[in-house]
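Enquirer: Sequential numbering from 4 applies to the sequence shown in our numbering. One structure, pasted below without further comment.
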Amino acid sequence: MGRADVIGDVFGGICSECGRAVTDGGFETGSLTGRSGDGLELVQRASEGTPAEYANAESTPAERTDATAGSSSTGATLQRTPSVVIGIPAYNEANSIASVVKSASEFGDRVIVVDDGSRDETALVASEAGASVIQHEYNRGYGAALKTLFQAADQQGARHLVILDADNQHDPADVPRLVAAQRENDTEIVIGSRFGDGASTNAPPYRRAGLFVVNALTNMSIGAFRPSKRISDTQSGFRAYNRRAIVGLAEDAAIGSHMNASTDILYHAHQRGYDIDEIGIDVRYDVENASSYDPFSHGYNLVNNISTTVQNAHPLLSLGLPGLVSLLFGVSGTYWLVADYLATGSLSFLLTTLSALFWFGGFFACIAAVILHAMRVANRR
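Rendered as structure tokens:
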């Protein structure tokens, strides 16, 4: 998705696509503020205020740059640059989004909800609860909603973007803890971990087992072998991003549009040398309308995404080495096939088939590794 000007203009009070002013204080289903070329519908409900939790922080919302330099012909004015933006991707969360928005608004300068093509009244309820709403015209996936949030926060000049779920599994009261850790250590990304020190979660055993496997594979794929570098919860949806991470992720077209985006973001961070911290949080699974994703298909997709990413990032190691091993098995099989033929005068069907498979598999794996490696070298230049 391109960084359409419509996002920044809508939050500034005017829709660049339709020229209408954005109204403050309501959501009208019959008169959405406009659509960008990639299927966004956007509405605005301003929400200012300085959360008390940041009153003594080094960089407070009160220090925000005043950007109210001009106004539209309709009287809509640009809002001040927010320090802490809370972003909430939502899909069919009308039953829970109001309570999440109201709670989150106590801990951030602005709450932005991305309604990812919901079939219910998620956008209307979120707007009435006080959130700024960006609406996808159709369901595009969790990762697409995240990318919209990064782009909106970038357009707003936010110093921190904290993303949490819309189903009440996360406690917005943890937002100040993530932001404080980010400011204290100047860390690009802070992850709210279900398995960190002081964390508490009632995740079912099968989910814990699946996360253990995915966490291990993800850490290996980014070379995080030392305990100090290991990420305990690679799939957490509760994360804080600083300005550098916001800008970088808003511009990265490689972030996937679906649930694998959480892993793609970690690869982005690894490639750019971002620092990542974790703090323990409480996560509830006994909430109404908790995640509807099938954990088994989700796990398969994550593992497949990890495998594909590793192949693209380290083709000589992930494809070339197995290809060479396969060729060695092919050579060995051919040797025994010839020896058996000389001894018996007949060819073993099983040995012939296995040798051919090893030969062809190894050959194509090596060719693919060389091509991918050449593409990576060319892209670096």
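We put the beta carbon where it would ideally sit given N, CA and C, even for glycine.
Starting from A93, trace the beta strand (DSSP E) in both directions and tell me its first and last residue.
Expert: Unbroken beta strand (DSSP E) run through A93: V87 to A93.
Enquirer: One question on the structure: do A243 and G283 come within less than 9 angstroms of each other, judged by their Cβ atoms?
Expert: no
Enquirer: Per DSSP, what are the beta-bridge partners of S203 in this structure?
Expert: D285
Enquirer: Which full runs of the alpha helix (DSSP H) of 4+ residues lie inside the region 132-174, going along the chain?
Expert: 145-159
Enquirer: For G201, which residues from the same chain have a beta carbon less than 7 angstroms from its beta carbon, with the 5 sequence-adjacent residues on both sides left out?
Expert: G283
Enquirer: Who are the Cβ neighbours of A132 in its own chain at under 6 angstroms, not counting the five residues just before and after it?
Expert: A101, V104 and K105
Enquirer: Check the C-beta distance from Y141 over to G160 and give it rounded, since I have them as a contact under 8 angstroms.
Expert: About 29 angstroms separates the beta carbon of Y141 from that of G160, a gap too long to meet the 8 angstroms contact definition.
Enquirer: Short of 6 angstroms in beta carbon distance, which residues of its chain neighbour R162, apart from the five on each side in sequence? Order them along the chain.
Expert: S86 and R246
Enquirer: Thinking just about the alpha-carbon of each residue, which of Y277, I89, V286 and A148 is nearest to the one in I115?
Expert: I89
Enquirer: Can you list, in chain order, the residues of its chain with a C-beta nearer than 6 angstroms to that of N204? Leave out the 5 residues immediately preceding and following it.
Expert: Reading the sequence as shown, one finds Thr at residue 204 and not Asn. The answer, listed in chain order, is R197 and V286.
Enquirer: Near A126, what residues of its chain come up, given a Cβ to Cβ distance below 6 angstroms and the 5 sequence neighbours on each side ignored?
Expert: D118, V136 and Q138
Enquirer: Give the DSSP bridge partners of Y244, in chain order.
Expert: L164 and I192
Enquirer: I need the straight-line Cα distance from P254 to Y277, nearest angstrom please.
Expert: Reading off the sequence shown, one finds Glu at residue 254, where the question assumed Pro. Whole-angstrom Cα-Cα distance: 15 angstroms.
Enquirer: Count the other C-beta atoms from every protein chain shown that fall within 10 angstroms of the C-beta of A372, then say buried if there are 16 or more, exposed otherwise.
Expert: buried
Enquirer: To the nearest angstrom, how far is it from the Cα of R113 to the Cα of L322?
Expert: 46 angstroms
Enquirer: Among V165, R210 and Y209, which residue has its Cα nearest to the Cα of D177?
Expert: It is V165 whose Cα lies nearest to the Cα of D177.
Enquirer: So T179 and F110 are supposed to be a Cβ contact under 8 angstroms. How far apart are they, rounded?
Expert: First, the residue type needs correcting, since residue 179 is Pro and not Thr in the sequence shown. Right, the Cβ-Cβ distance comes to about 6 angstroms (below 8 angstroms), so this counts as a contact.
Enquirer: May I ask you to report which of helix, strand or coil DSSP gives D177?
Expert: helix
Enquirer: Let's see if you can read the secondary structure: which residues bound the alpha helix (DSSP H) around D267?
Expert: A264 to Q274
Enquirer: Which class does R233 belong to by DSSP, given the choice of helix, strand or coil?
Expert: coil
Enquirer: Quick one: residues in its chain with C-beta nearer than 6 angstroms to the C-beta of H173, no 5 flanking neighbours on either side, listed in chain order?
Expert: L167 and F241
Enquirer: Does the beta-carbon of N171 have 16 or more other beta-carbons within 10 angstroms, so that it is buried, or is it exposed?
Expert: Result: buried.
Enquirer: Using the Cβ count rule (16 or more neighbours within 10 Å means buried), how would you classify P230?
Expert: P230 should be labelled exposed.
Enquirer: Starting from D343, trace the alpha helix (DSSP H) in both directions and tell me its first and last residue.
Expert: L324 to T347
Enquirer: For the alpha helix (DSSP H) that contains R211, what are its first and last residues?
Expert: P208 to S224
Enquirer: Report, in whole angstroms, the separation of the C-beta atoms of G213 and E281, which I expect to be a contact under 8 angstroms.
Expert: Going by Cβ atoms, the distance from G213 to E281 rounds to 19 angstroms, so no, they are not a contact pair.
Enquirer: Measuring alpha carbon to alpha carbon, tell me which of A155, A206, Y209 and D236 ends up nearest L220.
Expert: D236
Enquirer: Checking 9 angstroms against the spacing of the C-beta atoms, do L340 and L354 come in under that value?
Expert: yes
Enquirer: Excluding five sequence neighbours on each side, which residues of the same chain lie with their C-beta closer than 7 angstroms to the C-beta of Q238?
Expert: L214, V217 and S265
Enquirer: Please name the residue or residues paired with R113 in a DSSP beta bridge.
Expert: V88
Enquirer: Quick one: using the 10 Å Cβ neighbour count with 16 as the cut-off for buried, is L345 buried or exposed?
Expert: exposed
Enquirer: Going by C-alpha to C-alpha distance, which of N95, I91, L350 and Y270 sits closest to P175?
Expert: I91
Enquirer: Can you look up A377 in the DSSP assignment and give me helix, strand or coil?
Expert: helix
Enquirer: Among residues of its own chain, excluding the 5 on either side of A368, which ones have a beta-carbon nearer than 8 angstroms to its beta-carbon?
Expert: L322, G323, P325, G326 and S329
Enquirer: Do you know offhand how far D157's Cα is from I225's?
Expert: 26 angstroms
Enquirer: In chain order, what residues of the same chain lie with their CB nearer than 8 angstroms to the CB of P208, ignoring the 5 residues before and after it?
Expert: none
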